[in-house]
Amino acid sequence: MEGSPVSPGFTLRAVTAADLPTLLPWLRPGAARTLPLAEPTTAATATTATAGDGSAEHWLLVETQGAPRACLRLRRAIGLALPRPWYHVGCVVHAAPALQLQHRQHTLLLGHDHTGASELADIAWQRTGRSLAEQAAALQALVQGAIARIAAQRHQYAATLIVELPGRRDAQGHAPFWHGLGRHFYAGDPEAAAERFGPDWRCHVAALLPRQPVYAAFLSDAAQAAIAQVDDGSRLLLDTLWHAGLRYGHHITVDDGGPVFEAEVDALVGGAAAPPTMGVEGRKSL
Amino acid sequence: MEGSPVSPGFTLRAVTAADLPTLLPWLRPGAARTLPLAEPTTAATATTATAGDGSAEHWLLVETQGAPRACLRLRRAIGLALPRPWYHVGCVVHAAPALQLQHRQHTLLLGHDHTGASELADIAWQRTGRSLAEQAAALQALVQGAIARIAAQRHQYAATLIVELPGRRDAQGHAPFWHGLGRHFYAGDPEAAAERFGPDWRCHVAALLPRQPVYAAFLSDAAQAAIAQVDDGSRLLLDTLWHAGLRYGHHITVDDGGPVFEAEVDALVGGAAAPPTMGVEGRKSL
Amino acid sequence: MLRAARPDDLDALMALAQARAIGISSLPAERAALAEQIAQSQAAFTSDDDASGEERYLFVLQDRRSGRLVGTAGIAAAAGFNDRFYSYRNEFIVQAAPALGARNRIHTLHLCHDLTGVTLLTGFHIDAALADTLAPQLLSRGRLAFIGAQAERFSDRIAAENPGLADDSGRCPFWDAVGQRFFGMAYPEAERLTGGFSPKGWIAELMPQGPIYVPLLPEEAQWSLGQLHPVGDLPFSMLLDEGLDGDTYLNLFDGGPTAEGRVATLKTVRRRRTTPAAPGPEILHIGPPTGGDVPQADEDDTAWCLVDNGRRDGFAALLLPAPEPGMPLLLSDDDIAALGWQDGQPLWAALLDPLHPPVEVDA
Amino acid sequence: MLRAARPDDLDALMALAQARAIGISSLPAERAALAEQIAQSQAAFTSDDDASGEERYLFVLQDRRSGRLVGTAGIAAAAGFNDRFYSYRNEFIVQAAPALGARNRIHTLHLCHDLTGVTLLTGFHIDAALADTLAPQLLSRGRLAFIGAQAERFSDRIAAENPGLADDSGRCPFWDAVGQRFFGMAYPEAERLTGGFSPKGWIAELMPQGPIYVPLLPEEAQWSLGQLHPVGDLPFSMLLDEGLDGDTYLNLFDGGPTAEGRVATLKTVRRRRTTPAAPGPEILHIGPPTGGDVPQADEDDTAWCLVDNGRRDGFAALLLPAPEPGMPLLLSDDDIAALGWQDGQPLWAALLDPLHPPVEVDA
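Residue numbers (numbering that gives the first Met the number 0), protein chains in the order written: chain A, 0 to 285; chain B, 0 to 285; chain C, 0 to 362; chain D, 0 to 362.
Next up, the structure:
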């Protein structure tokens, strides 16, 4: 697949083996590190009607003046082979009118709400030696390039596009959200598990996590404060995605509690912008 | 409060007692039918920091050539005095790899996720004797007028604006969604309860509804098919809201299962369109 | 002797309520409320009405020699009468992630009202000086004999709430970890608001409706689950000995254990059977001054039995030396008067275990 | 007599497995699998190893006169050994909406593995001609006597799954309303996949994890909850009579009742005690040809007792006429041989209730 120009000066193209030495150092621990298989890796018995014509995943980069600046994985439909978990952040109000008491509580409910959505994953970029402006330009070119790629093959992608943003972590790379919640249900080291199993480790660990709604009030203050918060180092990414039209939709990742940004693909690509005829529960039809 | 011009030919103004004979026949059974109190009706002990300077609710209409055409209630922050329930429509995947079985299931979780949001409620319009085009123009003027009103007093409104759309009902006014779910937990007649208690009846009946996630698979086919579906008679409203930028966010009403449309207020009003600095779980700060 | 409380017990009960020496008191400290409770109890013991579940029975333990009241305990016919009676139930969920080679046994607390309608043992209070005698046995097991005798007025299940860990300053690890977060008030305040135990329906509306995941609680709170406040040791241990299960249910407020079981399987109810009786030649009972007619635990090898007259109106129970096999129970004049017994009337007896049992009696 | 299955019982057990006349069979229909099960049982009865919970004991009921096998039943030492054992637990939630004047008692089913590790009674199969004799008592209660005798090899709780409503065509209202929706397959197919009862952990992964709200189920399915398939009537009624609770747990697949209780409270275990025995002057046992040495229910007023030798290796149990009070149990030569008894060895006896009881024996 040959490169295509995106923002002025940037070209989007598929990652090749030759790029790996440049790209791998950019990736977060636990990110996927290998080139996608030529054939869909998903499939299985799932009802993935739209999968089949083309690759389930593309690893793309943008380069300028021949040098890669940022990369991401574009996935057509996630969670089909291995269900991927998120927490939905809900709200319940407990009221005792007789006592004039009313308390609003956040709840976290484990689920697979975004199953079947398309995804931009493992967004990474060159930071060292680049000004913030240069980084922002590269990220914007990358995200817009990926959206353009989706627009060009609209039928291969789902109605919704999501991006998981890195949640808050301390200097040692530990996530207070995990420390306050996940740790109590899986005693192993999450960073080690992520290294070993790659991004799928969250699918595996979900089997150990609470299946009934968890009241956020039972989490430590630090864990509560980290719900849907983006890590400092990803502020630029949040900004880029927000300006591209993606928004937080009250889902977070199960490991570091980072927010999941989402958007209607049609709204992003400026394509078939017509309201749904009657049905609006889009997940049903997938 | 005097009227303000909105779309060409339409004026938005507050409903007065003199308008009631015209407006009341437009309203759905169970809609609020009285003029808002001058003072906030909410308040109570809830942490409604922003409430207090102005009315909690405005009943607005658009008129053209001196004749009212459509009306709605604009509420600043809902669910504070009496928690309002919705179901969040989630998704879980049950997988038994050993059997090569995988099933995607919808779940309904009762909650108060939109507590504190602003709302456009009881949207009603003159249908008799008006062409669809006329109705559409009136609705568009009404919704845009309400959004402009919010923009003009931005600080009085919440970050999110919601609209509950009427769910599917049969010719007798019965909702298959209620028949498949709510009826099993409250034996009374929902229409009679709505007439008697007004819109608050849903807040009362929520105390009887399931508090743990309900698998949609246990509902009748008709009830499942009605999840997040808009009643035929409200197709025009769905269209208007969609074009105004509101979207279904996987919440439905507890009585007829109609979808709740939502939007970021800032995105609608074109106001302070800056990404969140760090925190993105907006409900926290309310 | 154990008998129903009477209006003229008011002063003595006031004194007991204020002493709160050993055990769990559910007696109101206000005189008028206490008088009302006695009246309510008297109606429960004597009314001809069918049982509604609303009855509350109040017993007193009286030293026959001195006439002094030395203990009290109660029964509520149906827990949560007219409303739900909430508890937490301990549950354990095992989840496994084969890919990670991990397996997890998760302790959760489940808000339930399983015990609604169950007969509830309330209060248990005895003069501290009698703690090591058989007097607590009479107070605790005599009340169970009454339930066995009047089974049609009670549920087939009984339960008893027991105080959890809380210090005098009102610090309660369980409350601080759970209730505090949902009530937004300290334990003493909540206790005042609700009158202590047995939270009402509307209170539970404030509590989390789904399971509470215990691993998320602070360690001190986890450790306090099902832990008994020392004041409850004596009554709780006797209920466990009767066969109640103390591991399943917890109090919603302080996390104390709520013992629960079937009436038919209680030791006293199983052992209780009609016994022939006859006037005896003399007064048989010996005992130290403090214990009155209640024998000290380590006094001798006498086998004792709990004797009751099976009545509702006029209920009385005593501890008497167990008769030899095949022999009738011998009653002194004082016993006869206490039991309101006449020759030819039935009596019931249930053998007590020796306090330091050489062998298990009920093999 | 009731005894452990032996390899040479294979043919007779094959015949029983294929007959499936009355009761619940968990015997495999394949000869090799059955032989394996007998071998496994023999190891459980005879091995010197400490109990691991994996043991499965298989009993046969043998007509002493004809030598014919007329029944079989089994025990699994720990339900769900090495994995979770899933059930539904009945729960009732009361919710109220005071503003609407409405109040609701909601029945829910709760996926749980409360019974993991509990000793499980498996299978129960008896020759249809013996249904009205005391033979089923020997088969059912003799197995409980074994558990009482070998308590250290079993859990202190036992449970028994009982078949729910399903017709021969495989229509099962409960499965159709619940399992079908989550498995996407018909009942017979699921049963084949899982080998019948006792769903394994990975199967439960497909089932709803939260409570099932019963009011949402079709009426036929609601009505079938906890309903017993007629083939289970006989064994189930004896377990209820023993004191097991049949109202709390349901089978995950067909909604049949899973009886559950504490070993210590079982009627047979409570009544079972050592009894003096002596060789008798003659063979005492009478009975019709069909019943062999097993008496007919309506035969006479003889009080019968269940006698066992308390052994693991060489376990045997018989029904014998109860001795008069104070008298030893009289044993015929045949009894002595069946029990492997020698003078001076202990025997245990538990009185059976008369089949048409004039009074409650265990008051």
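Ideal placement from N, C-alpha and C gives every residue a C-beta, glycine not left out.
Listed along chain A are 183, 184, each with a C-beta nearer than 7 angstroms to that of residue 214 of chain C.
Judged by their CB atoms, residue 116 of chain B and residue 161 of chain B are nearer to each other than the 7 angstroms cut-off. The beta carbon of residue 102 of chain C sits no closer than 7 angstroms to any beta carbon of chain D. At the C-beta level, residue 208 of chain D and residue 103 of chain A stay beyond 7 angstroms of one another. From the listed residues A:242, A:66, A:163, the smallest Cα separation to residue 256 of chain A is found for A:163. Contact between the stretch 55-74 of chain A and the stretch 133-148 of chain C is absent: fewer than three C-beta pairs spanning the two stretches fall below 8 angstroms.
Annotation for residue 211 of chain C: 107, 108, 177 place their beta carbon closer than 7 angstroms to its own, counting only its chain and skipping 5 residues before and after. Residues of the same chain with their beta carbon placed closer than 7 angstroms to that of residue 7 of chain A are lacking, with the five preceding and five following residues left out of the count. Residue 135 of chain D and residue 0 of chain D have their C-alpha atoms some 11 angstroms from each other.
By the rule that beta-carbons nearer than 7 angstroms mark a contact, residue 112 of chain C touches chain D. In the DSSP assignment, residue 10 of chain C falls within the alpha helix (DSSP H) that extends over 9-18. Judged by DSSP in its simplified three-state form, residue 273 of chain C adopts strand. For residue 93 of chain A, at least one C-beta of chain C is nearer than 7 angstroms to its own C-beta.
Note on the stretch 164-206 of chain B: whole alpha helix (DSSP H) runs with a minimum of 4 residues are 175-179, 189-196, 200-204, in chain order. In this structure, residue 88 of chain B and residue 101 of chain B do not form a Cβ contact; the two beta carbons are roughly 20 angstroms apart against a cut-off of 8 angstroms. Inclusion of residue 147 of chain C and residue 261 of chain C in the CB contact set at 7 angstroms is not warranted, their separation being larger than that value.
Interface annotation, residue 211 of chain A: in contact with chain C, CB-CB separation under 7 angstroms.
Beta-bridge partners assigned by DSSP to residue 214 of chain B: B:106. When Cβ-Cβ separations below 7 angstroms define contact, residue 63 of chain B makes no contact with chain A. Taking one beta carbon from each stretch, the stretch 211-225 of chain D and the stretch 238-258 of chain D have 3 or more pairs nearer than 8 angstroms; the two touch. Of the residues assessed, residue 258 of chain B falls on the buried side of the cut-off, its CB having 16 or more other CB atoms within 10 angstroms.
Across the structure, residue 132 of chain A and residue 67 of chain A are spaced so that their CA atoms are roughly 16 angstroms apart. Where residue 88 of chain A is concerned, the enclosing beta strand (DSSP E) starts and stops at 85-95.
Contact check for residue 252 of chain A and residue 166 of chain A: beta-carbon distance about 6 angstroms, within the 8 angstroms limit, so the pair qualifies. Looking at the backbone, the Cα of residue 123 of chain D and that of residue 234 of chain D are separated by about 7 angstroms. In this structure, the beta-carbon distance from residue 5 of chain B to residue 150 of chain B does not fall below 7 angstroms. At a cut-off of 7 angstroms between beta carbons, residue 83 of chain D contacts chain C.
In the structure shown, residue 154 of chain D falls within a coil segment according to DSSP collapsed to helix, strand and coil. Between residue 164 of chain D and residue 251 of chain D, the alpha-carbon positions lie close to 13 angstroms from each other. The stretch 174-191 of chain B and the stretch 217-231 of chain B touch, with three or more beta-carbon pairs separated by less than 8 angstroms.
Residues of chain D with a Cβ closer than 7 angstroms to the Cβ of residue 156 of chain B do not exist; the shortest Cβ-Cβ separation is about 29 angstroms. Inter-residue distance for residue 40 of chain C and residue 344 of chain C is about 25 angstroms (C-alpha atoms, whole angstroms).
Of all C-beta pairs linking the stretch 73-83 of chain D to the stretch 42-57 of chain D, three or more are shorter than 8 angstroms, placing the two stretches in contact.
C-alpha of residue 44 of chain D to C-alpha of residue 308 of chain D: approximately 14 angstroms in a straight line. Here residue 2 of chain A is not near residue 15 of chain A, since their CB atoms are 7 angstroms or more apart. What residue 209 of chain D touches in chain B, judged by beta-carbon distance under 7 angstroms, is 211, 212, going in chain order.
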